[in-house]
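Protein sequence lines, in the order shown, are assigned to chains A and B. Going by this note's numbering, the first sequence opens with residue 1, and the numbers climb by one from there. Going by this note's numbering, the second sequence opens with residue 1, and the numbers climb by one from there. Here a beta-carbon is modelled for each residue, glycine too, at the ideal position from N, C-alpha and C. In this text, all values refer to a predicted model and were calculated from it rather than measured experimentally. For reference, the structure is listed below as structure tokens.
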Amino acid sequence: MANSHVAVAEQFDDMPQQQEASTLGMWTFLATEVLFFGGMFMAYIIYRNLYPHAFAAASGHTILLYGTINTGILLTSSLTMAMAVYAAQQSNQKWVVRYLLLTIFLGCCFLVIKGFEYHDDLKEHLWPGPNFKQGLPVQAQIFWVLYWAMTGLHALHVTVGLGLLSVLAWLARHGKFSEHYNTPVEVSGLYWHFVDIVWIFLYPLLYLINRY
Amino acid sequence: MNTLVDSPAILDESPLKTAEPPNYLQEGGSTLKSWLLTTDHKRIGILYLYSIIFFFLIAAVAAALMRMELITPPGDMVSSEMYNRLFTIHGVLMVWFFLIPSIPATLGNFVIPMMIGARDVSFPKLNLLSWYLFIAGGLFALGAILFGGVDTGWTFYTPFSSAYSNTHVVAMATGVFIAGFGSILTGLNFIVTIHKMRCPGLTWFRLPLFIWSLYATSIILVLATPVLAITLALMALERIWGLGIFDPKLGGDPVLFQHLFWFYSHPAVYIMILPGMAVVSETITCFSRKQIFGYHFVAFASVAIAILGFVAWGHHMFVSSQSIYAGMVFSMTSFLVSVPSAVKVFNWTMTLHRGSITFHTPMLYALGFIGLFTVGGLTGLFVATLPVDVHLTDTYFVVAHFHYIMVGGMVTAFMGGLHYWWPKISGRMYPEKLGQLAALVMYIGFNLTFFPQFIMGYLGMPRRYHAYPEEFQIYHVLSSAGASILGAAYLLPFIYLLWSLKHGKKAPANPWQATGLEWQTPSPPPQHNFRNTPVVDRGPYDYSPEKSEEEVIYGQ
Numbered sequence: 001m002a003n004s005h006v007a008v009a010e011q012f013d014d015m016p017q018q019q020e021a022s023t024l025g026m027w028t029f030l031a032t033e034v035l036f037f038g039g040m041f042m043a044y045i046i047y048r049n050l051y052p053h054a055f056a057a058a059s060g061h062t063i064l065l066y067g068t069i070n071t072g073i074l075l076t077s078s079l080t081m082a083m084a085v086y087a088a089q090q091s092n093q094k095w096v097v098r099y100l101l102l103t104i105f106l107g108c109c110f111l112v113i114k115g116f117e118y119h120d121d122l123k124e125h126l127w128p129g130p131n132f133k134q135g136l137p138v139q140a141q142i143f144w145v146l147y148w149a150m151t152g153l154h155a156l157h158v159t160v161g162l163g164l165l166s167v168l169a170w171l172a173r174h175g176k177f178s179e180h181y182n183t184p185v186e187v188s189g190l191y192w193h194f195v196d197i198v199w200i201f202l203y204p205l206l207y208l209i210n211r212y
Numbered sequence: 001m002n003t004l005v006d007s008p009a010i011l012d013e014s015p016l017k018t019a020e021p022p023n024y025l026q027e028g029g030s031t032l033k034s035w036l037l038t039t040d041h042k043r044i045g046i047l048y049l050y051s052i053i054f055f056f057l058i059a060a061v062a063a064a065l066m067r068m069e070l071i072t073p074p075g076d077m078v079s080s081e082m083y084n085r086l087f088t089i090h091g092v093l094m095v096w097f098f099l100i101p102s103i104p105a106t107l108g109n110f111v112i113p114m115m116i117g118a119r120d121v122s123f124p125k126l127n128l129l130s131w132y133l134f135i136a137g138g139l140f141a142l143g144a145i146l147f148g149g150v151d152t153g154w155t156f157y158t159p160f161s162s163a164y165s166n167t168h169v170v171a172m173a174t175g176v177f178i179a180g181f182g183s184i185l186t187g188l189n190f191i192v193t194i195h196k197m198r199c200p201g202l203t204w205f206r207l208p209l210f211i212w213s214l215y216a217t218s219i220i221l222v223l224a225t226p227v228l229a230i231t232l233a234l235m236a237l238e239r240i241w242g243l244g245i246f247d248p249k250l251g252g253d254p255v256l257f258q259h260l261f262w263f264y265s266h267p268a269v270y271i272m273i274l275p276g277m278a279v280v281s282e283t284i285t286c287f288s289r290k291q292i293f294g295y296h297f298v299a300f301a302s303v304a305i306a307i308l309g310f311v312a313w314g315h316h317m318f319v320s321s322q323s324i325y326a327g328m329v330f331s332m333t334s335f336l337v338s339v340p341s342a343v344k345v346f347n348w349t350m351t352l353h354r355g356s357i358t359f360h361t362p363m364l365y366a367l368g369f370i371g372l373f374t375v376g377g378l379t380g381l382f383v384a385t386l387p388v389d390v391h392l393t394d395t396y397f398v399v400a401h402f403h404y405i406m407v408g409g410m411v412t413a414f415m416g417g418l419h420y421w422w423p424k425i426s427g428r429m430y431p432e433k434l435g436q437l438a439a440l441v442m443y444i445g446f447n448l449t450f451f452p453q454f455i456m457g458y459l460g461m462p463r464r465y466h467a468y469p470e471e472f473q474i475y476h477v478l479s480s481a482g483a484s485i486l487g488a489a490y491l492l493p494f495i496y497l498l499w500s501l502k503h504g505k506k507a508p509a510n511p512w513q514a515t516g517l518e519w520q521t522p523s524p525p526p527q528h529n530f531r532n533t534p535v536v537d538r539g540p541y542d543y544s545p546e547k548s549e550e551e552v553i554y555g556q
């Protein structure tokens, strides 16, 4: 990225062109991401249709409390991320850093809680395989494969996002972002909201449907 | 033609030799470091060129060994296990490490920014990262091969790949996974570049058709490749940790793997042909000295192929447990894809009509492409027809069909494009007579290799067997003989192109009197492509036989 807050990379003519290109680049990347997760959502839809009872029984074992708290945390982190973008556009140096750090904190909370949840899931023998929990239909394992794969891939995306935001916070602390140059904050915000939206789909699919 | 701010005198090399500014090969140095850390799209294109030729050679050796084995009916040269590894190596390397990056990542990288009057792609560092991902993926694949190979075929079908194969499936899949992200980033870069980096006056309908085709290709790269990535990841999870999402023991469905795999791999067929069509649209117009016939139809045909290509995947699964109704729908959609493909063929043919045709090497390849692609496309209709395909599935007919598209189409177009832009890339002319000879030999060798395969496939010779009944021997001998001719025809350009780097005639800026912006700058171009940003005031292919050469060159 640019060295000072008004530098334009040499392949671009001016700042608006650079900003538009970066934003379009992130949207295109998110389109890729949608299809990346899409393969698993497709599998979920097909198997849920094939084995509705096994899936209902299996999803009864996800821990609703953890999932709900995490949903609240991630949604709030999207708010603080949006505020960070706004602060950057207003050249409000102090609050860009604060909002970014707050977003990072919430993201870390999400991962820690997810960690506790994984721990409890493992204690309950919900890892598919020979030691899988007794008393569930055999196809319940497919639900749990999807649970681990989907939440695992999502957690990986949260982790990558935390890395991105840390770099941004460091740059923001050195006053890199202002009303003239804030594209990195904006496109990272897009990514963070995407991660949030994936969770908004995962939460009902894994925790809520057919639960009661 | 494109009006340039540069004065014609600077464009023509002859008068001002001493004042010649450094080109992209000199600027920034010629050290290994300057190449490995370059962000210049032209140099990255060349890095890709060397890499894909390396993988092509390995995959070609695998093909040669298979053709040697198949000369005699018994499996006497390699074991069936070895044969399985050979066709897997050939398939994986040719598809993901040669064909998919072949035109987009080499020629596309080199000429797209120049064709649209830009200094570089939108994200040059990301462009370099794509190459490193490609190489990292390639190393995994090579590692898998060196440590004993893989025997699943390039399709990695479960449950064989996830539960039964005792070969290095995970390493190979990891290689494909990583290289896939390289492709995605290349596609992303091209999409943004084409949207945002066009020079003043270059509207969408003034874009060369090469750009339209590569744009359609990029959309497929971005939207299809991630599905392959997640599918291979799920397969690997099943293999490593027993997380059996496709495992029938848990109620999983191996056919779901096939659906997800072909959701990527059928559009990927168009990743492997649209760029070939891109090259042909450029060379046919240039060497007929004519406007393309029906510009808008050819442009939108590319987009239509990209879109329809996403809904035809099920024709690879007619004999899986897919429902007969799904089969009928996929049969219909497959027929639909042939419409825009045929539109292109007709439009190229009409472009030839009453043109001032010259048979330079790129033109010979373009004409070869049209013929071979037509045969490949028409036989595609045979295998898209549900009842016919039940008979032809897994026979050499299918092998011949897709080689007519992939090799007869894409590799031919790649060779044509490489010759067409060689003067721009290297600053040297290739030897024309040898080029024409190689193109003709390739055409003969190709048909001799693959046409007999249609016949033996129709007669029932199954693919992927190293031994076969004696009645098929004549076809296999013909095919192997053709393959040796084809091999020689591929070696010849590698030799004379390398030779021309040192000894070839120096290339002028525009040896073909072509109208594309990439020709309106010196050969080889300066690092930032143009000294002044070009301004475009008309469409591409403004060829007219009446115009004098000078007018054509300088656009006045």
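Does the CB of residue i have a neighbour CB from chain A at under 8 angstroms?
{"i": "B/His266", "result": "no"}
{"i": "B/Ile112", "result": "no"}
{"i": "B/Ala105", "result": "no"}
{"i": "B/Phe123", "result": "yes"}
{"i": "B/Asp40", "result": "no"}
Is the CB of residue i under 8 angstroms away from at least one CB in chain B?
{"i": "A/Val187", "result": "no"}
{"i": "A/Met15", "result": "no"}
{"i": "A/Val138", "result": "yes"}
{"i": "A/Trp192", "result": "no"}
{"i": "A/His5", "result": "Residue placement at A/His5 is flagged as unreliable, the pLDDT there being 46, under the threshold of 50; the coordinate-derived value follows with that caveat. Not one chain B Cβ lies under 8 angstroms of A/His5."}
{"i": "A/Tyr86", "result": "no"}
{"i": "A/Ala2", "result": "Bear in mind that a pLDDT of 41 at A/Ala2, under 50, signals an unreliable position, so the number given afterwards is only what the model happens to contain. Answer no: the Cβ-Cβ gap between A/Ala2 and chain B never drops below 8 angstroms."}
{"i": "A/Leu24", "result": "yes"}
{"i": "A/Gln93", "result": "no"}
{"i": "A/Phe29", "result": "yes"}
{"i": "A/Ala155", "result": "no"}
{"i": "A/Leu102", "result": "no"}
By Cβ distance below 6 angstroms, which residues in the same chain neighbour residue i in space, the five residues on each side in sequence not counted?
{"i": "A/Phe201", "result": "none"}
{"i": "B/Ser426", "result": "Leu501"}
{"i": "B/Gly75", "result": "His466, Ala467"}
{"i": "B/Leu16", "result": "A caution first: B/Leu16 carries a pLDDT of 44, below 50, which makes its placement in the model unreliable, though a value can still be read off. So no residue of the chain qualifies."}
Can you give me the Cβ contacts of residue i inside the same chain, cut-off strictly under 7 angstroms, excluding the 5 residues immediately before and after it?
{"i": "A/Gly175", "result": "Gln93"}
{"i": "B/Arg289", "result": "Gly355, Ser356, Tyr543, Pro545"}
{"i": "B/Pro462", "result": "Asp394, Thr395"}
{"i": "B/Met406", "result": "Leu99, Met272"}
{"i": "B/Ala312", "result": "His266, Phe330, Thr333, Ser334, Val337"}
{"i": "B/Tyr541", "result": "Thr285, Gln291, Ile292, Thr515"}
Kindly give me the distance between the Cβ atoms of residue i and residue j, rounded to whole angstroms, as I take these residues to be in contact under 8 angstroms.
{"i": "B/His266", "j": "B/Gly309", "result": "6 angstroms"}
{"i": "B/Thr158", "j": "B/Phe318", "result": "With a Cβ gap of about 19 angstroms, B/Thr158 and B/Phe318 do not count as contacting."}
{"i": "B/Ala366", "j": "B/Gly457", "result": "Between B/Gly457 and B/Ala366 the Cβ distance is about 28 angstroms, and since that is not below 8 angstroms, they are no contact."}
{"i": "A/Gly25", "j": "B/Phe123", "result": "6 angstroms"}
{"i": "B/Leu260", "j": "A/Gly39", "result": "5 angstroms"}
{"i": "B/Phe346", "j": "B/Ser281", "result": "The pair is not a contact, with the Cβ atoms about 13 angstroms apart (cut-off 8 angstroms)."}
{"i": "B/Thr575", "j": "B/Pro104", "result": "Limits of chain B in this structure are 1 at one end and 556 at the other, which puts residue 575 of chain B out of reach."}
Within its chain, find whatever has a CB closer than 8 angstroms to the CB of residue i; leave out the 5 residues flanking it on each side and keep chain order.
{"i": "B/Thr38", "result": "Gly28, Ile44, Leu47, Leu128"}
{"i": "B/Ser579", "result": "The structure shown has nothing for residue 579 of chain B, since chain B only spans 1 to 556."}
{"i": "B/Pro306", "result": "First, the amino acid is wrong: residue 306 of chain B is Ala here, not Pro. Excluding residues within five positions, the ones whose Cβ falls inside 8 angstroms are Ala216, Thr217, Ile219, Ile220, Pro267, Tyr270, Leu274."}
Is any heavy atom in the ligand SAM found nearer than 7 angstroms to the beta carbon of residue i?
{"i": "B/Asp537", "result": "Inclusion of the ligand SAM in the displayed structure is not the case, the ligand content being empty and no account of it being possible."}
_Can you pull out the residues from the segment 34 to 45 of chain A whose beta carbon lies closer than 9 angstroms to at least one beta carbon of chain B?_
Val34, Leu35, Phe36, Phe37, Gly38, Gly39, Met40, Met42, Ala43
*asked:* Below 8 angstroms, how does it come out for the segment 122 to 138 of chain B and the segment 174 to 191 of chain B: are there three or more Cβ pairs, yes or no?
replied: yes
*Say whether the segment 472 to 491 of chain B touches the segment 89 to 96 of chain B, bearing in mind that this needs 3 or more beta-carbon pairs closer than 8 angstroms, one atom from each stretch.*
In short, these stretches do not touch, since the Cβ pair count stays below three.
*If contact means a Cβ-Cβ distance below 9 angstroms, which residues of the segment 193 to 212 of chain B contact chain A?*
Thr193, His195, Lys196, Met197
*When you check each C-beta in the segment 111 to 144 of chain A against every C-beta of chain B, which residues fall closer than 7 angstroms?*
Pro128, Gly129, Val138, Gln139, Gln141, Ile142
*Tell me, please, whether the segment 233 to 251 of chain B touches the segment 290 to 301 of chain B by the rule of three or more beta-carbon pairs shorter than 8 angstroms.*
With the cut-off at 8 angstroms, the segment 233 to 251 of chain B and the segment 290 to 301 of chain B do not touch.
*Are the segment 128 to 137 of chain A and the segment 190 to 197 of chain A touching, with three or more C-beta to C-beta distances below 8 angstroms?*
no
*Of the residues that make up the segment 244 to 269 of chain B, which ones have a beta carbon closer than 7 angstroms to any beta carbon in chain A?*
Gly244, Ile245, Leu250, Gly251, Gly252, Leu256, Leu260
*Going along the chain, which residues of the segment 195 to 212 of chain A sit with their C-beta nearer than 9 angstroms to a C-beta in chain B?*
Listed in sequence order: no entries.
*asked:* Within 8 angstroms, do at least three Cβ pairs link the segment 108 to 118 of chain A to the segment 204 to 224 of chain B?
replied: no
*asked:* For the pair the segment 60 to 76 of chain B and the segment 148 to 167 of chain B, tell me if three or more CB-CB distances fall below 8 angstroms.
replied: Because the criterion of three Cβ pairs below 8 angstroms is not met, the segment 60 to 76 of chain B and the segment 148 to 167 of chain B do not touch.
*What are the residues of the segment 226 to 243 of chain B that lie near chain A, defined by any Cβ-Cβ distance shorter than 7 angstroms?*
Pro226, Val227, Ala229, Ile230, Thr231, Leu234, Leu237, Gly242, Leu243
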